[in-house]
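Single-structure report; data block below.
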Amino acid sequence: MRRLLALIKKDLTDEFRTRYAINSLLLFAVIALVMVSFATGMAGLSASLHAALLWIILFFSAMSGMGRSFAKEQEKNTAPALRLAAPPEIIFWGKLCFNTILMLALAVLVLLMYIFLLNPSIGNLPLLVLLVLLGSVCLAGASTILAAIVSMAANQGTLLPILSLPVLLPFFLVVINATQTAFQGAGFSQAAGSLLFLVSYAVVIITVSLLLFRHVWQD
Amino acid sequence: MLWKIMLGIYILIVTVAAFVYAPGAAGLGDLSRIIYFHVPLAWVGVLAYLVSMLNSIRYLKKPDRDFDFRAVFNAEVGLVFTILATVTGAIFARHTWGVYWNWDPRQTSIFILMLIYAAYFVLRSSISEEENRARLSAVYCIFAFISVPLLVFIIPRLYTTLHPDPIISSSGLEMNGQMLQVFFAALLGFTGIYAWIYSLQIRLYKISQRWEGQ
Amino acid sequence: MMSDLYIVLTVCMISWLGIFFYLLRLDRRIARWEKKVK
């Protein structure tokens with residue numbers, strides 16, 4: 001347990017010092033938001049469009065950011081030392097927690113900027129926030145093991161989205177639909193099915209990742 | 001050898017039967033005949049993926065090149081059949097709903113399958129080292145499988161929120177006796193084609209193995 | 001419309017025969033190689 005916390009702390013402090021990931025992620029999100037906001041002007045967008053846009057931006061921000069924690073190890077060549085330091089499961093949990101924290105922070109900022117710049121009419125704000133947070137956990141959960149795989153391959157920039165999309169599509173179908181209803185003002189009971197799905201999705205994804213991770217991590 | 005010739009004749013008969021023997025479905029008419037080809041194609045596409053995934057699991061348990069080879073060629077076969085299934089499905093969609101694509105849950109699931117195959121091959125081409133390539137693509141093959149059954153559980157839920165789809169769901173399409181006969185016969189026939197291709201690939205592999213040995 | 005159906009049927013039959021004989025040719029070639037490698 002202590003090793004796990006140490007791992008997470010190490011990644012977080014590294015990120016804090018360089019602020020590499022946060023900067024590039026935020027910059028991407030800001031640019032995308034500004035472009036859309038500028039292009040649509042005062043014209044109100046429909047709930048379904050808002051839902052789609054929000055998750056497109058979150059998805060691509062995730063793709064920029066989730067690859068970082070493993071790519072860093074390869075760049076700095078700290079991977080062999082890391083392999084000795086802890087068993088694969090702990091490494092996975094460490095990277096997963098780091099990615100989740102990163103994603104949550106990013107998602108909150110993106111949501112705030114989205115509301116600020118695009119001014120959507122929000123029916124059920126708590127539901128929206130919950131969906132974004134839950135969705136971030138799912139995004140981080142799915143991408144962590146894939147990021148590990150990608151860090152060992154070439155074409156790293158484009159490979160992560162290509163691998164992630166088929167895995168994340170069911171998630172997106174549900175979360176975008178639910179987000180749309182949240183914008184429209186649906187109640188929690190209506191969204192219960194979607195929320196349940198998202199939670200199960202996260203659990204399944206993380207469990208399978210955990211089982212498979214040592215095969216990815218071994219040298 | 002004989003069974004292959006019989007398979008050829010069998011499929012020929014089934015093809016004719018699909019057009020002549022089976023009646024057109026109520027409402028859809030002759031267009032419904034495409035399901036005798038479309039569904040078996042999709043079925044083989046999924047079956048091939050399952051076999052590929054199982055071989056990926058075997059590879060992770062025991063890193064034998066044999067398992068990797070089987071995982072790959074099944075993915076290749078699966079991709080071809082899945083593309084054919086998607087195309088026939090789109091043709092059907094165009095004539096029933098007027099558009100080639102509308103994210104109907106069934107269309108989406110076959111699309112995801114195609115994406116998984118494509119991503120699998122992109123991943124393989126990105127890794128030059130043989131052992132890493134086999135191992136990592138095996139992990140992806142297994143991991144990506146999660147999407148497939150998940151969609152089976154989404155379909156019933158999405159039905160209430162997206163547009164209804166009474167025609168494509170196989171539980172909705174009622175088939176009378178003759179149609180069912182042709183349908184299952186086609187299913188069997190296509191599985192036979194898959195089995196033949198499978199055996200050809202294995203034999204080819206064994207030959208190349210022995211060639212290298214010499 | 002009926003004649004259309006027969007056209008499609010004929011096309012399908014010809015395609016299948018094409019595929020079938022291709023597979024048969026492949027099968028025969030592989031069988032020959034198998035004998036050689038033995």
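Heads up: the sequence lines are chains U, P and W, in that order. Note that the first sequence ends on residue 219 in the numbering used here; no numbers are left out. Note that the second sequence ends on residue 214 in the numbering used here; no numbers are left out. Note that the third sequence ends on residue 38 in the numbering used here; no numbers are left out. Ideal placement from N, C-alpha and C gives every residue a C-beta, glycine not left out.
- Interface residue (Cβ-Cβ distance to chain P less than 8 Å): W/VAL37 is classified as such.
- The C-alpha of U/THR181 lies about 42 Å from the C-alpha of U/ARG2.
- Nearest to P/TYR140 by C-alpha distance, out of P/ILE34, P/SER52, P/SER32 and P/ILE9, is P/SER52.
- Straight through space, the alpha carbons of U/GLU89 and U/LEU210 are spaced by roughly 6 Å.
- Restricted to the region 46-112 of chain P, the alpha helix (DSSP H) segments that are unbroken, complete and at least 4 residues in length are 65-97, listed in chain order.
- Annotation: Cβ neighbours of P/ARG210 in chain W (cutoff 8 Å, chain order): VAL37.
- Taking 4 residues as the shortest admissible run, the region 50-78 of chain U contains the following complete alpha helix (DSSP H) segments, listed from N- to C-terminal end: 68-76.
- In chain order, ARG133, LEU136 and SER137 place their CB closer than 8 Å to the CB of P/ILE127, counting only its own chain and leaving out the 5 sequence neighbours on each side.
- Interface flag for U/HIS50 against chain P is unset, since no Cβ pair is found closer than 8 Å.
- U/GLY185 carries a coil assignment under DSSP once its states are collapsed to helix, strand and coil.
- Ranked by Cα distance from U/ALA52, the options U/PHE172, U/ARG214 and U/LEU195 are led by U/PHE172.
- Beyond the five residues adjoining it in sequence on each side, U/TRP93 comes within less than 6 Å, by CB distance, of LEU4 in the same chain, given in chain order.
- The C-alpha of P/ARG124 lies about 18 Å from the C-alpha of P/ILE112.
- Every unbroken stretch of the alpha helix (DSSP H) spanning 4 or more residues and falling wholly within the region 91-170 of chain U is given here in chain order: 125-151.
- The beta-carbon distance between U/SER164 and U/LEU146, rounded to whole angstroms, is 6 Å. This is short enough to meet the 8 Å contact definition.
- Taking U/ALA81 as reference, the option from U/PRO170, U/LEU7, U/PHE213 and U/PRO126 with the minimal CA-CA separation is U/LEU7.
- If you draw a straight line from the Cα of W/TRP16 to the Cα of P/LEU12, it is about 7 Å long.
- Take P/GLU131, set aside five residues on each side of it, and the residues of its chain with a beta-carbon closer than 8 Å to its own are PRO63, in chain order.
- Under the three-state reduction of DSSP output, U/GLY193 falls in the helix class.
- C-alpha of P/VAL46 to C-alpha of U/ASP11: approximately 40 Å in a straight line.
- Not a single C-beta of chain P is nearer than 8 Å to the C-beta of W/ILE14.
- Contact with chain P is absent for U/ILE115, since none of that chain's Cβ atoms lies less than 8 Å from the residue's Cβ.
- Taking one beta carbon from each stretch, the region 173-192 of chain U and the region 118-137 of chain U have 3 or more pairs nearer than 8 Å; the two touch.
- At a C-beta separation below 9 Å, P/ALA119 has these neighbours in chain U: LEU159, ILE162, LEU163, SER164, LEU165, PRO166 and VAL167.
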